[in-house]
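Under UniProt numbering, residue 709 is the last one in the sequence shown; the count climbs by one each step, no gaps. The beta-carbon is built from N, C-alpha and C at its ideal position, and this holds for glycine as well. Source: prediction; values computed, not measured. Worksheet for the structure shown next.
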Amino acid sequence: MRVTPFVLPLAAQALVAPRPHMKRLSSQRPAAALEDYCPPLPEAFEAQAALTADGAAEAYKASLDDPSGFWASEADRYHWQTPFDRSNVYSANFKRSAGPIAARWFEDGATNIAYNCLDRQVEAGLGDKLCFIAERNDEGETSPLQPETYTYAEALEETKKLAAALRARGVKKGDRVALFMPMVPELAIAMLACARIGAVHTVVFGGFSRDSLASRIASAGATCVIAADGVRRGGKVIDLWGIAKDALASARDQGTPVAGGAVILRRLDDAAYPEPQLAADEAWWHNVVTSTDGSDVEWMAAEDPLFILYTSGSTGAPKGIVHATGGYMVGAGHSFRTVFDAPVRADDVWFCTADCGWITGHTYVAYGPLLNGATQIVFEGVPSWPDAGRLWRIVDQHKVTHLYTAPTAIRALMRSGDDPVTSTSRASLKLLGSVGEPINPEAWRWYREVVGDDRCPVADTWWQTETGVIQIAPTMASGAGPHKPGAAMTPVAGCVPALLDAATGAEIPAVIGEEAKGLLVLKQPWPSMARTCWGDHERFENTYFSYDGYYLTGDGARRDADGHYWITGRVDDVVVVSGHNIGTAEVESALVAHPAVAEAALVGVPHDVKGSALYAFVTLTQDAEGQAGDELAKELKLRARADVAAFASPDTFHWAPTGLPKTRSGKIMRRILRKIAAEGADVSGLGDTSTLADPGIVDELIASHAGAS
Ligand code: 6R9
Numbered sequence: 001m002r003v004t005p006f007v008l009p010l011a012a013q014a015l016v017a018p019r020p021h022m023k024r025l026s027s028q029r030p031a032a033a034l035e036d037y038c039p040p041l042p043e044a045f046e047a048q049a050a051l052t053a054d055g056a057a058e059a060y061k062a063s064l065d066d067p068s069g070f071w072a073s074e075a076d077r078y079h080w081q082t083p084f085d086r087s088n089v090y091s092a093n094f095k096r097s098a099g100p101i102a103a104r105w106f107e108d109g110a111t112n113i114a115y116n117c118l119d120r121q122v123e124a125g126l127g128d129k130l131c132f133i134a135e136r137n138d139e140g141e142t143s144p145l146q147p148e149t150y151t152y153a154e155a156l157e158e159t160k161k162l163a164a165a166l167r168a169r170g171v172k173k174g175d176r177v178a179l180f181m182p183m184v185p186e187l188a189i190a191m192l193a194c195a196r197i198g199a200v201h202t203v204v205f206g207g208f209s210r211d212s213l214a215s216r217i218a219s220a221g222a223t224c225v226i227a228a229d230g231v232r233r234g235g236k237v238i239d240l241w242g243i244a245k246d247a248l249a250s251a252r253d254q255g256t257p258v259a260g261g262a263v264i265l266r267r268l269d270d271a272a273y274p275e276p277q278l279a280a281d282e283a284w285w286h287n288v289v290t291s292t293d294g295s296d297v298e299w300m301a302a303e304d305p306l307f308i309l310y311t312s313g314s315t316g317a318p319k320g321i322v323h324a325t326g327g328y329m330v331g332a333g334h335s336f337r338t339v340f341d342a343p344v345r346a347d348d349v350w351f352c353t354a355d356c357g358w359i360t361g362h363t364y365v366a367y368g369p370l371l372n373g374a375t376q377i378v379f380e381g382v383p384s385w386p387d388a389g390r391l392w393r394i395v396d397q398h399k400v401t402h403l404y405t406a407p408t409a410i411r412a413l414m415r416s417g418d419d420p421v422t423s424t425s426r427a428s429l430k431l432l433g434s435v436g437e438p439i440n441p442e443a444w445r446w447y448r449e450v451v452g453d454d455r456c457p458v459a460d461t462w463w464q465t466e467t468g469v470i471q472i473a474p475t476m477a478s479g480a481g482p483h484k485p486g487a488a489m490t491p492v493a494g495c496v497p498a499l500l501d502a503a504t505g506a507e508i509p510a511v512i513g514e515e516a517k518g519l520l521v522l523k524q525p526w527p528s529m530a531r532t533c534w535g536d537h538e539r540f541e542n543t544y545f546s547y548d549g550y551y552l553t554g555d556g557a558r559r560d561a562d563g564h565y566w567i568t569g570r571v572d573d574v575v576v577v578s579g580h581n582i583g584t585a586e587v588e589s590a591l592v593a594h595p596a597v598a599e600a601a602l603v604g605v606p607h608d609v610k611g612s613a614l615y616a617f618v619t620l621t622q623d624a625e626g627q628a629g630d631e632l633a634k635e636l637k638l639r640a641r642a643d644v645a646a647f648a649s650p651d652t653f654h655w656a657p658t659g660l661p662k663t664r665s666g667k668i669m670r671r672i673l674r675k676i677a678a679e680g681a682d683v684s685g686l687g688d689t690s691t692l693a694d695p696g697i698v699d700e701l702i703a704s705h706a707g708a709s
């Protein structure tokens, strides 16, 4: 057996080596079966791409051969008030046996990310360039008090004023500030204002409950809250300030004083939300953003925390993931520029649909685009409101060039058919990105062919709150080889992935021509990696560093014979049927490839003979709603058999009437599905369901249990 001792040559090779068996397809919808469908980078995109395959491969190699030199020159793009020590660009320990887990980047350097996002751009002459374009919940809606657009100079002015107002409320360097706002430009501005004065922001998604917000305020020990009065989401008005006010009271009851009180953005008008009475330590945003006096930049040590973002695991309280100023800044700026082929040309318009309540909104709304001087849309609504054509109309109206969204949105929109898409032009689009979950090949193909008219490449980007920025994604460079639907493909600069054997913990050598499956780990420290869990470093070490020398992602992955990575989902989502490890994502892809299926989620249920059996929750497309039943179940079983394996054929099909239970960030909540599958109509003790987007779906699933095929 030929063993490649280290993954670098393989990964670098994978960047540039098109495989002969991948076909080049015409722009017409190809008749090729999905498994043979590996389209090349579209010619129209290739013609304008700034990246080249050689350049990408060289950058990757340089980032591994000389990480210090590579990242120091990336860091040189930004302003450092105090230069970092070039003889000690980073130090790290990934081995618990060798002492505490740590990573430190740009030691001794002092900088400020908000300064680099705004002041630096204005000084460079971008003051008049559009920074934010607000797109509200309702089409054509405007905000009573906020502007619909901000140039870089206007964003800087507002950030300075809010920074000064926060200081006046006693917020100082190192204090935590909790943000509870809708997806409006002022949310990003609030993050930047905190960063400007060295306060650590913790953004809580505006869909969370009072208790979830209160526990995050208390856990972070926040000294101030920035909220909005409310938000329209779809047809509903959500009383954000009502929730925040109660959460504030509850956090105070739990012993967190929140001495700086609250600043509230007046987003709605009297008709939707009569002006509430505020307490003495609460103030309207528009009344406090009066002057830039006192808004001087606080220069931060590179390792000073920038933000805490709470992320829920399968067990225990949410973890407060901590990111550090310098490394996160350098990583976010580099990632946005390189992965998406630098969407910063004069007419480029970036549109990431993620909320700043998630890491995607931090890195690819608040920070990455601004560090690069991009123009972007900030969308307050949802893709399905008022109908499934909304995103495409936004694209046409603002001439969006780069769209970054989640598989859950793509599948939901696909369910409504092609018409809402094809009735729009989308001629401005250049690139389509996906993040959050494995994207099944069928949805990938629809995204590329129907949404992107086969002119736009699809970037399936794998990463995590903890990694700070994208780690595995296809290369958007001419000559980098065809893209494989459903594969995140190749590591980005600085990322050294590997697979560990789940049974032995041993690293599986990367060998071209050999497939492997295992636990996805990262071997080399990178600037934007999380530094700790807030107040609980032991939890950080236990969760992510249980294998000496590796950062454990918690995801499973397959490496194909070309060396490309396919994420198979969280390791907890592997079901062992008769001794076979089945990644649920693979079977789900097979089911979703059936034209009647909109979405599918597989879980394991205990089985006397097989150990576990597969139980499938399936939502049908609108056109196929009447087809639920034994006949369709039979067809789907055959499909799973044919596409994955005989033992991967689900025993049970549960027809989910309106959808699957998802977290507010769009991830399917499998913990709940496992319980319903195992316990049926008598299910109880579903645990914490506060992060569910639509709790009603759970009741429907329980009620529909009897109708399973
Ligand atoms: C960015 C983000 C992280 C988890 C991650 C994985 C899943 C994200 C993915 C993907 C397959 C992709 N995930 N992107 N799985 N393909 N392109 O979503 O961060 O909210 O922390 O979730 O999401 O399971 O471990 P976060």
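Check: residue i C-beta below 7 Å from any heavy atom of the ligand 6R9
i	result
T360	yes
T405	no
R445	no
Q471	no
V435	yes
Q464	yes
R216	no
D572	no
S212	no
D460	yes
I567	yes
T311	yes
T691	no
G554	yes
A409	no
P485	no
P438	yes
S335	no
residue 710	Outside the shown range of the chain (1 to 709) lies residue 710, about which nothing can therefore be said.
A488	yes
First and last residue of the uninterrupted beta strand (DSSP E) at residue i
i	result
Q627	That residue, Q627, is in no beta strand (DSSP E); it is neither H nor E in DSSP.
G685	No beta strand (DSSP E) holds G685; DSSP gives it neither H nor E.
R570	565 to 570
C352	350 to 352
Q376	376 to 379
D253	Looking at the DSSP string, D253 is not in any beta strand (DSSP E); the run it does join, the alpha helix (DSSP H), is 240 to 253.
A616	611 to 620
P305	305 to 311
A102	102 to 105
7 Å Cβ shell around residue i - same chain, five flanking residues per side excluded
i	result
T151	G127, D128, K129, L130, C131
E588	N440, A600, A601, L602
G221	R176, T256
Heavy atom of the ligand MN within 7 Å of residue i beta-carbon
i	result
A561	As for the ligand MN, it is missing from this structure, which binds only the ligand 6R9.
Span of the alpha helix (DSSP H) around residue i
i	result
L278	Here L278 belongs to no alpha helix (DSSP H), and DSSP marks it neither H nor E.
Y78	That residue, Y78, is in no alpha helix (DSSP H); it is neither H nor E in DSSP.
N440	Element bounds for N440: n/a, residue is neither H nor E.
Y90	Y90 -> not in any alpha helix (DSSP H); beta strand (DSSP E) instead, spanning 90 to 93.
Residue from the options with nearest C-alpha to residue i
i	options	result
L692	I676, E700, G680, R664	R664
residue 712	A271, G535, D548, R415	Beyond the ends of the chain as shown, which are 1 and 709, falls residue 712; an answer cannot be given.
Q627	A598, I243, K675, K430	A598
G389	G361, T422, L370	T422
C352	D108, L248, A134	A134
V400	V349, A409, N372, R96	V349
K173	T290, N112, E158, R252	N112
A516	T504, K662, A477, A561	A561
K319	Y37, R415, D76, N542	N542
Proximal residues to residue i (C-beta, below 6 Å), its chain only, five neighbours per side dropped
i	result
I472	W462, A488, P491, Y565
R531	V322, A324
T689	P695
A613	V605, H607, D651
H21	Residue confidence for H21 is low, a pLDDT of 33 falling below 50, so the modelled location carries little weight; the figure read from the coordinates is stated next. Cβ neighbours of H21 beyond the five flanking positions: none.
A677	V603, V605, Y615
Close Cβ partners of residue i (< 8 Å) along its chain, the five nearest in sequence each way excluded
i	result
A59	F70, T338, A493
L636	L591, H594, V597, A616, V618, P650, F653
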